[in-house]
Amino acid sequence: YTSKSRFIIDKENEIAALRKQVEGMQQHVVGDTIIAQNRVRETLTQQLLAKRSLVDSLRAKKRALMQEIAPYQARLNLLNDSTFPMGKLKKEFDTARETHLLYKQKAEESRISTAMDEEKIINVGIIQAAMAPILPLGRGLILATALASVAGLALGVCIAFALEFFNLTIKSEDDIERFLGVPCLATIRQF
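Residue numbers (my numbering): 229 to 419.
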């Protein structure tokens, strides 16, 4: 606690009030000889001693806390001192990075300028910035659909011919003569 602490100020005010009470009571004493114990005075004296011991203990506590705070304060000062160079280094790093990017851009511009001089390109500039089209161009969807349809049709016809060719079912008189090698005598049209 500091001497400006509200708690300390209140206790010191109480002590001052008690001292005034004690001084006021001493003026009202009729004689110097006291035969009986003055209980009020004893109570006030005990309170005064208690307040003094409280003030002494609070001062001791204040000294202990100040000793405890000292290492933390030293560490805080050290951290504050080390933060300043860190901020300075960060600023230097940012400046160096910006300078590097600027030099990189200038080198690229120089390379382009040299290439343009070698190719004898006089002046190149952007006439109009590129813009995305309002409607996207078809990516050959119609052509792909047409090609897929033709390929599917051709594949289907090929499969049909292959199945028909390898089918061993006899369907007509010609099939009988061709497969069996004998003439057909009669056929039943509907079975």
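Glycine is no exception: its CB is placed at the ideal position from the N, C-alpha and C atoms.
As the structure is a prediction and not an experimental result, all values here were calculated from the model.
Among the options, nearest to residue i - alpha-carbon criterion
i           : options       : result
residue 411 : 241, 403, 251 : 403
residue 439 : 277, 281, 253 : Examination of residue 439 is not possible in this model, given that the chain is present from 229 through 419 alone.
residue 240 : 299, 276, 373 : 276
residue 231 : 281, 245, 291 : 291
residue 400 : 385, 386, 418 : 418
Residue i in three-state terms, based on DSSP
i           : result
residue 244 : helix
residue 252 : helix
residue 299 : helix
residue 384 : helix
residue 357 : coil
residue 364 : coil
residue 417 : coil
residue 265 : coil
residue 306 : helix
residue 239 : helix
residue 289 : helix
residue 397 : coil
residue 233 : coil
residue 347 : coil
residue 283 : helix
residue 313 : helix
residue 378 : helix
CB contact below 8 angstroms: residue i versus chain C
i           : result
residue 342 : Absent from the structure: chain C. Only one protein chain is present.
Whole-angstrom C-beta distance between residue j and residue i, which should lie under 8 angstroms
i           : j           : result
residue 279 : residue 242 : 6 angstroms
residue 416 : residue 407 : About 18 angstroms separates the two Cβ atoms, so there is no contact after all.
Contact set for residue i: own chain, Cβ-Cβ below 6 angstroms, skip 5 residues either direction
i           : result
residue 314 : none
residue 392 : none
residue 345 : none
Own chain residues within Cβ distance below 8 angstroms of residue i, not counting five before or after
i           : result
residue 373 : none
residue 405 : 411, 412
Across the stretch 240-253 and the stretch 266-273, are there enough close Cβ pairs to call them in contact, namely three or more that are closer than 8 angstroms? yes
Measuring CB atoms only, is the stretch 304-314 touching the stretch 278-293, in the sense that at least three cross pairs come out at less than 8 angstroms? no
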